[in-house]
Amino acid sequence: DAGITQSPRHKVTETGTPVTLRCHQTENHRYMYWYRQDPGHGLRLIHYSYGVKDTDKGEVSDGYSVSRSKTEDFLLTLESATSSQTSVYFCAISESDRGFEKLFFGSGTQLSVL
Amino acid sequence: SQELEQSPQSLIVQEGKNLTINCTSSKTLYGLYWYKQKYGEGLIFLMMLQKGGEEKSHEKITAKLDEKKQQSSLHITASQPSHAGIYLCGATLMEYGNKLVFGAGTILRVKS
Chain A
1 DAGITQSPRH KVTETGTPVT LRCHQTENHR YMYWYRQDPG HGLRLIHYSY GVKDTDKGEV
61 SDGYSVSRSK TEDFLLTLES ATSSQTSVYF CAISESDRGF EKLFFGSGTQ LSVL
Chain B
1001 SQELEQSPQS LIVQEGKNLT INCTSSKTLY GLYWYKQKYG EGLIFLMMLQ KGGEEKSHEK
1061 ITAKLDEKKQ QSSLHITASQ PSHAGIYLCG ATLMEYGNKL VFGAGTILRV KS
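Just so you know, the sequences run in chain order A and B.
Under this note's numbering, the residue at position 95 of the first sequence is numbered 95, and the numbers go up by one with no gaps.
Position in the second sequence (from 1) plus 1000 gives the number in this note's numbering.
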């Protein structure tokens, strides 16, 4: 257990509403990530952060924004949720300061956009 | 991702049988990672391979990296029901600035 907590674990929302998912870590690791998992696609990187206020886009960043105002928290926001954003969202951290090595994942957030 | 192809997509094996899952990259690998996921849960890190020809084992699971073929294989010996789940390979690729991308996963079912 790498001390990663995701909240909420489940969320049902309506198209067009804003949604924020939270990832919290207890071990002050530099790198944090948001992935989404969909059948047939595996995991796809949405955004990642390499420090407070330092973030970068992944391969499926459109429609998502992130913020990291504290080392321990990484927030993912869907400004206006769409049905295509129904997915399972995973937060991850890297124990390495170089990032992208040996990631540890949270338990996931199941998001349904109706 | 399309850069990582896993095969097979799914398989069902009888308890006690051996099995192999493959992960092939279309781009140059920096590192190759294997994860296991149980239904409804997060991913559990299994192994990391970084050098051509490297082989690692954890209990009855062995992973190898063939640098020439840009391919990794995960082999489970004498499968047990506890091995059931989704196995995902992830890789850091030269073209993507070291970002970690994943294959689509292999669903493994073990029949008792």
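Yeah, the Cβ is synthetic: ideal placement off N, Cα and C, and Gly gets one too.
Report task. Within its chain, find whatever has a CB closer than 7 Å to the CB of I1012/B; leave out the 5 residues flanking it on each side and keep chain order. Result -> Taken in chain order, the residues that qualify are R1109 and K1111.
Query raised in the report: So what does DSSP say about S1112/B, is it helix, strand or coil?
Result: In the structure shown, S1112/B sits in coil (DSSP, three-state: anything other than H, G, I, E or B).
Query raised in the report: Name the DSSP beta bridge partners of Q1014/B, please?
Result: According to DSSP, Q1014/B bridges with K1111/B.
**Report entry** Beta-carbon proximity list for H10/A, same chain, < 6 Å, skipping 5 on both sides
**Finding:** So the list reads Q110, once near-sequence residues are dropped.
**Report entry** For W1034/B, the nearest candidate out of Q1070/B, P1008/B and K1064/B (CA to CA)
**Finding:** Closest by C-alpha distance to W1034/B, out of Q1070/B, P1008/B and K1064/B, is K1064/B.
**Report entry** Spatial distance of G1090/B from E101/A (CA atoms)
**Finding:** Their backbone Cα atoms lie some 10 Å apart in a straight line.
Query raised in the report: On the three-state DSSP scale, how would you describe H1083/B?
Result: It is helical.
Requested in this report: Note down, in chain order, every chain B residue with its Cβ under 7 Å from the Cβ of G108/A.
Outcome: The contacting residues are G1042.
Query - L103/A at chain B interface by Cβ criterion, 8 Å - result: At a cut-off of 8 Å, the C-beta of L103/A has a neighbouring C-beta in chain B.
Query raised in the report: Taking any Cβ of chain B, which residues in the stretch 23 to 35 of chain A have a Cβ under 7 Å from it, in chain order?
Result: Listed in sequence order: no entries.
Requested in this report: Specify, as a first and last residue, the run of the beta strand (DSSP E) that L78/A falls within.
Outcome: Here the beta strand (DSSP E) through L78/A covers D73 to L78.
Query raised in the report: chain B partners of G40/A, CB-CB under 7 Å?
Result: Ordered by position in chain B, the residues that pass the 7 Å Cβ test against G40/A are A1104.
Query raised in the report: Does the separation of the CB atoms of G1103/B and Q1006/B fall below 8 Å?
Result: Their beta carbons are under 8 Å apart, which means G1103/B touches Q1006/B by this criterion.
Query - According to DSSP, residues forming a beta bridge with K1064/B - result: K1064/B is bridged to E1055/B and S1073/B.
Query - Cutoff 8 Å: G1085/B Cβ touching any chain A Cβ - result: Not an interface residue.
**Report entry** Between the CA atoms of I1021/B and Q1009/B - distance to the nearest angstrom
**Finding:** Within the model, the alpha-carbon separation for Q1009/B versus I1021/B is close to 9 Å.
Query raised in the report: Using CA coordinates, which residue listed in N1018/B, L1049/B and I1076/B is at the minimum distance from E1059/B?
Result: With respect to the C-alpha of E1059/B, the residue from N1018/B, L1049/B and I1076/B having the closest C-alpha is I1076/B.
Report task. Drop a sphere of 10 angstroms on the beta-carbon of S49/A, count the other beta-carbons inside from all chains shown, and report buried for 16 or more, exposed for fewer. Result -> The residue is buried, with at least 16 neighbouring Cβ atoms inside 10 Å.
**Report entry** Reference H29/A; option with closest CA among A92/A, S67/A and V88/A
**Finding:** The residue from A92/A, S67/A and V88/A with its alpha-carbon nearest to that of H29/A is A92/A.
Requested in this report: Check whether the Cβ atoms of Q25/A and E72/A sit closer than 8 Å, and answer yes or no.
Outcome: With respect to the 8 Å criterion, Q25/A and E72/A are classified as neighbours on the basis of their beta carbons.
Query raised in the report: Hey, C1023/B and L1004/B are a contact pair by Cβ (cut 8 Å); roughly how many whole angstroms apart?
Result: Sure, about 6 Å apart at Cβ, within 8 Å.
Report task. Sort out for me which residues DSSP pairs S1005/B with in a bridge. Result -> Checking the displayed sequence, the identity of residue 1005/B turns out to be Glu instead of Ser. Looking at the DSSP assignment, E1005/B forms a beta bridge with T1024/B.
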